[in-house]
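K.L.:
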Amino acid sequence: MSLGAHLVELRKRLMYAALALVVGMVIAFIVADPVIHFITEPIRIITEKRGDDFSALNFGTVTAAFDMRMRIAFSIGLFLSAPIWLWQVWAFIMPGLTRKEIKYTVGFVLAAVPLFFAGCYLGVMIMPHVIELMWSFTPEGGTNFYYAQEYYDFVFKLMIVIGVSFVLPVFLVALNLAGVMSGRAILKGWRVAVLIATIFAALATPAADVVSMLMLAGILIVLFFAAAGLSLLFDRRKRKRDAAAGIVPDAV
């Protein structure tokens, strides 16, 4: 294809992806009320514990409530339309890939997407405990004003951070397949990986909720060792192929 044909194809794919996003945002905007009710449940719990009406979600400007709904609509719409816009991206780049690259890309997406959503789900489950823990540091007589924009940003970023942390082991496998890191090198860093997973879990979960911390750390550690095991398996298969082809491996 010529450059002009590539640009026409890119414009078509972008239009389909944008249309899918808009449809997803419209659907998400309609169901925004249950989402807002869900993510603000910790505030209602705090209000009941304090026994007053001061701890509440606050909208500091005229357009703040609408802005929060649009943020929620965009985030959920992005997730709802993900199958369509991911397919558009894939359909655009697939003709330029080799069969081996296509196989690796499909495997990466099929592994990364479910792990990312699993991490986001766990982030949603942890979020109420984190908010309640932070509230517990409020001194006697203090009042909590949760501004809508900052509150939503906190919830959204917590979901994204934990979701991305679940995908990191897939990137390790991708680096191994690309020849950047060997499975042995990945496994050699298990102590650092366990330490990082434990610290991250301790920071992402309330100090008093030991079960959530151990669960998150355990999942991350298991994912790391699974990535290391797959990388070792791929390295072994590669050595067998090289030996069959008469290729002498480089000395380590």
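Going by this note's numbering, the sequence shown wraps up at 254, each residue one higher than the last. Each residue gets a CB set at the ideal place from its N, CA and C atoms; glycine is no exception.
1) Given that a residue counts as buried once 16 or more other Cβ atoms are within 10 Å of its Cβ, and exposed if not, what is Trp-87?
2) Return the chain-ordered list of same chain residues with a C-beta closer than 6 angstroms to the C-beta of Leu-117, the five sequence neighbours on each side being excluded.
3) Is Val-254 helix, strand or coil when you go by DSSP?
4) Whose C-alpha, out of Ala-7, Leu-9, Ile-78, Lys-190, is nearest the C-alpha of Val-37?
5) Nearest-angstrom Cα distance between Ala-253 and Ala-187?
6) Would you kindly report the start and end of the unbroken beta strand (DSSP E) that includes Asn-60?
7) Under 8 angstroms, do Pro-171 and Phe-110 count as touching if we go by C-beta distance?
8) In chain order, what residues of the same chain lie with their CB nearer than 6 angstroms to the CB of Phe-94, ignoring the 5 residues before and after it?
9) How is Phe-147 classed by DSSP in three states: helix, strand or coil?
10) If you draw a straight line from the C-alpha of Gly-191 to the C-alpha of Leu-197, how long is it?
11) Rounded to a whole number of angstroms, what is the C-alpha to C-alpha distance between Ile-128 and Thr-65?
12) Could you tell me whether the Cβ atoms of Gly-62 and Tyr-123 are closer together than 8 angstroms?
13) Can you give the Cα-Cα distance for Ala-246 and Val-115, rounded to whole angstroms?
14) Report the residue from Asp-155, Arg-193, Ala-204 whose alpha carbon sits nearest the alpha carbon of Ile-262.
15) By Cβ distance below 7 angstroms, which residues in the same chain neighbour Ile-104 in space, the five residues on each side in sequence not counted?
16) Does DSSP put Val-111 in a helix, in a strand, or in coil?
17) DSSP on Thr-200, reduced to helix/strand/coil?
18) Hey, Leu-174 and Ser-233 are a contact pair by Cβ (cut 8 angstroms); roughly how many whole angstroms apart?
P.N.:
Let's see:
1) Along the sequence shown, read from residue 1 onward, the residue named residue 87 stands at position 85. So Trp-87 ends up on the buried side.
2) Working through the sequence shown from its first residue, we reach residue 117 at position 115. Answer for Leu-117: Phe-168, Val-169, listed in chain order.
3) Reading the sequence shown from its first residue, position 252 is the one you call residue 254. Note that Val-254 scores 44 on pLDDT, short of 50, meaning its location in the model is unreliable and no value can be drawn from it.
4) Residue 37 sits at position 35 when you count from the first residue of the sequence shown. Answer by Cα proximity: Ile-78.
5) Residue mapping note: residue 253 aligns to position 251 of the sequence shown, counting from 1. Residue mapping note: residue 187 aligns to position 185 of the sequence shown, counting from 1. Any reading at Ala-253 must be qualified, since the residue scores a pLDDT of 45, below 50, and its modelled position is unreliable; the value itself is stated next. Taking the straight line from one Cα to the other gives about 15 angstroms.
6) By 1-based counting over the sequence shown, the position of residue 60 is 58. Run containing Asn-60: 58-60, per the beta strand (DSSP E) assignment.
7) One-based indexing of the sequence shown puts residue 171 at position 169. One-based indexing of the sequence shown puts residue 110 at position 108. No, Cβ-Cβ distance for Pro-171 and Phe-110 is not below 8 angstroms.
8) Position 92 of the sequence shown, counted from the first residue, corresponds to residue 94. Closer than 6 angstroms at the Cβ level, and outside the excluded window around Phe-94, lie Arg-15.
9) Walking along the sequence shown from the start, residue 147 turns up at place 145. Phe-147 falls in the strand class under three-state DSSP.
10) For the purposes of this step, residue 191 is taken as the residue at position 189 of the sequence shown. For the purposes of this step, residue 197 is taken as the residue at position 195 of the sequence shown. Cα to Cα, Gly-191 sits roughly 10 angstroms from Leu-197.
11) As a first step, residue 128 is located in the sequence shown; it is residue number 126 there, counting from the start. As a first step, residue 65 is located in the sequence shown; it is residue number 63 there, counting from the start. For Ile-128 and Thr-65, the distance between alpha carbons rounds to 29 angstroms.
12) Position 60 of the sequence shown holds residue 62. Position 121 of the sequence shown holds residue 123. It is not a contact, given that the beta carbons lie outside the stated cut-off.
13) Walking along the sequence shown from the start, residue 246 turns up at place 244. Walking along the sequence shown from the start, residue 115 turns up at place 113. Cα to Cα, the separation comes out at about 35 angstroms.
14) A query on residue 262 cannot be resolved here, the shown segment of the chain reaching from 3 to 254 and no further.
15) In the sequence shown, the residue the question calls residue 104 occupies position 102. So the qualifying residues of the chain are Met-96.
16) Looking up residue 111 in the sequence shown gives position 109. Val-111: helix per DSSP, three-state reduction.
17) Here residue 200 is taken as the residue at index 198 of the sequence shown, counted from 1. It is helical.
18) In the sequence shown, the residue the question calls residue 174 occupies position 172. In the sequence shown, the residue the question calls residue 233 occupies position 231. Yes, they are in contact, since the Cβ atoms of Leu-174 and Ser-233 sit about 7 angstroms apart, within 8 angstroms.
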